[in-house]
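Reviewing the structure listed below.
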Amino acid sequence: MKILTTRLTGAAWILVCLFWATGNLLWATPQQSVSGTVTDAQENPIPGVSIRLLNSNTGTQTDMQGIFSIQAQPGDTLSISYIGFKTIRLPVKNQTHFTIVLQQDITDLGEVTINAGYYNTTRREQTGSIARVSAAEIERQPVTNPLAALQGRMAGVNITQTTGVPGGGFDIEIRGRNSLRAGGNEPLYIIDGVPYNSQSLSNTNVSATLLPGANISPLNTLNPYSISSIEILKDADATAIYGSRGANGVVLITTKQAKAGKTRFSLQAYTGSGKLTRTLELMNTEQYLEMRREAYANDGVTDYPANAYDINGTWDANKYTDWQETLIGGTATTAALQGAVTGGSETTRFRIGGGYQRETSVFPGDFTYHKLTVNSNLNHQSADQKFSINLTTSYSFDDNNQPGNDFTRDARMLPPNAPDLYTEDGALNWADSTWDNPLAQLEQDYRAKNHTLIANAVIGYQVTPHLKVSSSLGYNDRFLTEVKEVPSTFYNPAYGYGSDRSYRFTNDTRNQSWIIEPQLNYTLNMQNWKLDALLGATFQNQTTRSNVVYGQGYSNNSLISNLSAASFIFVLENGSTAYTYTAGFGRLNLKYKDRYILNLTGRRDGSSRFGPGKQFANFGAVGAAWIFSEEDVIQDSPWWSFGKLRGSYGITGSDAIGDYQFLDTYSITTNRYQGLTGITPTRLFNADFAWEENKKLELALELGFLKNRILLNTAYFKNRSGNQLVGIPLPGTTGFSSILANLDATVENSGWEFELSTVNFQNEKFNWSTSLNISFLRNELVSFPDLEGSTYANQYMVGEPLNIRKVYQYTGINPETGIYEFQDYDGDGSISFPNDRQAVLDLNPDFFGGLSNQVQWGAFELNFLLQFAKQQGSNYYATGSRPGIRSNQPVALLDRWQEPQDDAPFQKLTAGGDSEAVRAFSNYRNSSASVTDASYIRLKNASFSYNLPERLLQGVDARIYVQGQNLLTFTRYAGSDPETQRIDNLPPLRFLTLGLQANF
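So that you can map any letter, position 196 of the sequence shown is 195 in numbering that gives the first Met the number 0, and since no number is skipped, the others follow by simple counting.
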């Protein structure tokens, strides 16, 4: 009976279980197949992403194309996570397909890959000082030159735009100025592994009246939207592997690479307009004429001269023209169209992209800058993953058509009652030869066409699991053709000039280089140790050819573009230079327990730019890091999440001195003897011509708090550059005033850099992060033997920075005479140069930096950057005209001395008749009064975007955006722009654009 009961009980339990299971099948919510793709912000598929159901053990991963599929119910929630990216959760509901874009987690230090040139590292493990700007930060700025996108974003990197004219240049200093030579401070540019000549190919005869210093940035031809990242290497650990080329820092530019996955397209277009950021507050006609009349009255002149057209009745005293608005107040337009296609399999991937950018000018007339770029990347890897080849090519062409001169100085100097620009019949108005019509400059024409080709192939083979052999083969070709044409119609017709006075400058300069770098890389992991060793060699050759020709005298102006039609042709420059460079380099990186890191780099360089026995030199560095947050004592801290102490010391060099500087050289002379052209010596032979050396020291502390939501990096550096190449004076009997040679002069750069990143708020719908960088740099000339007897005596001082001005010390205005007064240093009763020009003004920034914020709320995103600098700079009066002459002035000049005992900031006015006042103003321009506070805070960039809902455009990820550049400037600077500090040149423009970006 007991056995029967037991059997019945067991059968009952079986029936209950069957009933329960059947009920679940009948009434449970049915599962559905849910699929989707996961990509990063640049639409690159991410393999290996974890996809799981929240509160469940069910999960899967994405494949190589970023695709996943999982069974889920409408009530489930997907949890999507991947190292280095923010985890997101999405309710399934009735949706069966998801397009998921993961945002990079800026708090994950170990997953942000940093390009260090010959190797890659991460923020967590880097032993050197490397600053990085990503593609996302670059693309948020409507710029044509990538250097403009770096301003204010990197500690220790000071970038200045020299002009607002399209196609102009930039000045860049990485941790200060190392060389006494003006051209010896440019960094090394590396684009996709290929060295890129940093020198402008422009010629001063052709472009100097339009572009300051004939500076055409070598990066103008690059497409900012094709760039994946820009890294700047600063300390010895990061730069020593580049040896003689890394003394002034290294700028690494990496273009976007091919990604595996289905074929994807991206399109982007924007259009916008630009205006001046600031203008000077100049006098109106009434104020201006008051100034002029008082100037003549002070000179005792009652009958105005015949050439005083502005006040003697020749010009209309009631007329007013805002020349800033007329000549530089136009609206520039800008537009861009970008496109790319990428895709491929796990073994073969491709990317092809192209772009077009167009920018006009604020000058009167029709002037346009065009840029066309095409880039490609092909990456192949064999099925066994041993053989690989990566081919990257980039071709760009820009065409710049501008007036022959910058209108900015005329806009600020012309009297407000100057005549009309045109006569009633539409011809240029010369007003009976009483003025030089500024629009005559429109008759001049400047054109520049720049072709750039960069190609690089990296071929590699994995010999063993630990050993890889590879070689990089690069080629670079830059070709600039620029022309300046000045026809006779540029001149006042009253002069009677014909086409025989028309002239033309042409400059054809080409720079070509190739580089081959074979490399061996060995890696080994054993228990707690990791070893990474690199051996390589460099073989580089560069040639530069230049032909500058001046032609004058044409039978007709229509022939001015044909140089052979000129009556007189003079070859200003025709020649070629060759540069050969070879090196061997190595790197050894050791890690113990992933917390103790040692990095050794070395390089032996050989350069053709130095004399016999001096061509070779050795450079190297040691870097070390201790990630002390991995120690047991700190690992359990609830608030301290990361800590690293790192340091480096090493020696880099510089051979950026030009070619043939150590040789006897000769130039063609314009003088002829018995019908023959002769030559003249231009340089003396110097067998001891050797390398400059830069010794670099750095110590840094990197801290992370609250799971790295707060990151603080503090770095101190001290760099000493010695063996300076300078002009050493020679006796006049040698026929030369100096010879370029090494001198035991030392320049020191030191400073502190601070970087702070915070994640202020973070959840599924709202994210807000902030980044701050600020740099305090000090530059000093430590030693210069016999400086007082050299040609640099009035330019430099031992113990002072290189960027100084030696000026007269302004003491105020004599209340009785109304004349500027200055300190008489030598006590001889007169103010004279150089004895009394002894006051020293430091024009280096006290500090500079940037503050950026990124705010994301749902589909909306706001980004903005504030750039700032605390500095002194040359004001308007350093290069402006003398108050009282026929030239407009700032309104501030109305507060001038007029009678004895007046307390005013400006001296009495003179039209030129008071020689003492004229001489005092000349001294004033070279005094401490000509340098004032040029500090500023600038809203450098702002971007606001909205991601369109996917339901509007099936399968298309699209966003619309508004971007602005140089939007607002807060400053007390007594000039137009505190960044450029130039009265003669157009300042950077303020641009506002509207755009659309789509990926599908």
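In this text, a Cβ means the ideal position worked out from N, Cα and C, and glycines have one as well.
Under the 8 Å Cβ criterion, the segment 128-139 does not count as touching the segment 206-215, having fewer than three qualifying pairs.
When the beta-carbon positions are compared, F753 and S770 stay at least 9 Å from each other. Under DSSP, L187 forms a beta bridge with V249. Contact between the segment 590-601 and the segment 477-495 is absent: fewer than 3 CB-CB pairs across the two stretches fall below 8 Å. Residues W638, W639, S640 of the same chain have their beta carbon placed closer than 7 Å to that of F704, with the five preceding and five following residues left out of the count. Linking S201 to N520 through their CA atoms gives a straight-line distance of about 41 Å.
Residue environment analysis places R895 among the buried positions, since at least 16 neighbouring C-beta atoms fall within 10 angstroms of its C-beta. If you ignore the 5 residues before and after L52, its C-beta comes within less than 8 Å of the C-beta of G58, I69, A71, D75, T76, L77, S78, all in its own chain and listed in chain order. Take T878, set aside five residues on each side of it, and the residues of its chain with a beta-carbon closer than 6 Å to its own are I982, in chain order.
S720 and N693 do touch by the CB rule: their CB atoms are close to 4 Å apart, below 8 Å. Distance from G168 to I215 at the Cβ level is roughly 6 Å; contact confirmed, criterion being Cβ atoms closer than 8 Å. Considering only V156, A997, Q761, the residue with the shortest C-alpha distance to I87 is Q761.
According to DSSP, residue pairing for I773 in a beta bridge involves F753, G848.
For R357, the enclosing beta strand (DSSP E) has its first and last residue at 347-359. With fewer than three CB-CB distances shorter than 8 Å, the segment 941-959 does not count as touching the segment 879-899.
Our two residues, I50 and G585, have alpha carbons roughly 42 Å apart in a direct line. Spatial neighbours of P814 in its own chain (CB-CB distance under 6 Å, excluding positions within 5 residues in sequence) are listed in chain order as Q900. About 6 Å separates the beta carbons of N247 and I173, which is inside the 8 Å limit, making them a contact pair. Sequence-distant Cβ neighbours of S975 in its own chain, meaning closer than 6 Å and more than five residues away, are R277, L279, P986.
Below 8 Å, enough C-beta pairs join the segment 356-371 and the segment 331-343 to call them touching: three or more. Restricting attention to alpha helix (DSSP H) runs no shorter than 4 residues, the segment 92-173 encloses them at 134-138, ordered along the chain. Boundaries of the alpha helix (DSSP H) harbouring N297: 284-297, taken from the DSSP string. Sorting Q518, F618, Q897, Q539 by C-alpha distance to the C-alpha of Y580 places Q539 at the top. Less than 9 Å separates the beta-carbon of Y549 from that of I568. Membership of E820 in the beta strand (DSSP E) is indicated by the continuous run 819-821. The shortest CA-to-CA distance from Q853 to any of D845, F846, L865 is the one to L865. By the neighbour-count criterion, in which a residue is buried when 16 or more other Cβ atoms sit within 10 angstroms of its Cβ, E747 is buried. When DSSP reads this structure, E815 sits in no beta bridge, so it has no partner.
By the beta-carbon neighbour count (other beta carbons within 10 angstroms, threshold 16), K939 is buried. The C-beta separation of F821 from S243 comes to about 45 Å, leaving the pair out of contact by the 8 Å criterion. The beta carbon of T112 sits closer than 7 Å to the beta carbons of N119, T121 from its chain, once the five residues preceding and following it are set aside; these are given in chain order. In terms of CA proximity to E289, P414 leads the group G352, G798, P414.
Closest in C-alpha terms to T968, from the list F867, R885, S944, L893, comes F867. M282 counts as buried, since at least 16 other C-beta atoms from the protein chains shown sit within 10 angstroms of its C-beta. Exposed is the label assigned to P611, since fewer than 16 other Cβ atoms lie within 10 Å of its Cβ.
Taken in chain order, the complete beta strand (DSSP E) segments of 3 residues or longer contained in the segment 510-585 are 528-551.
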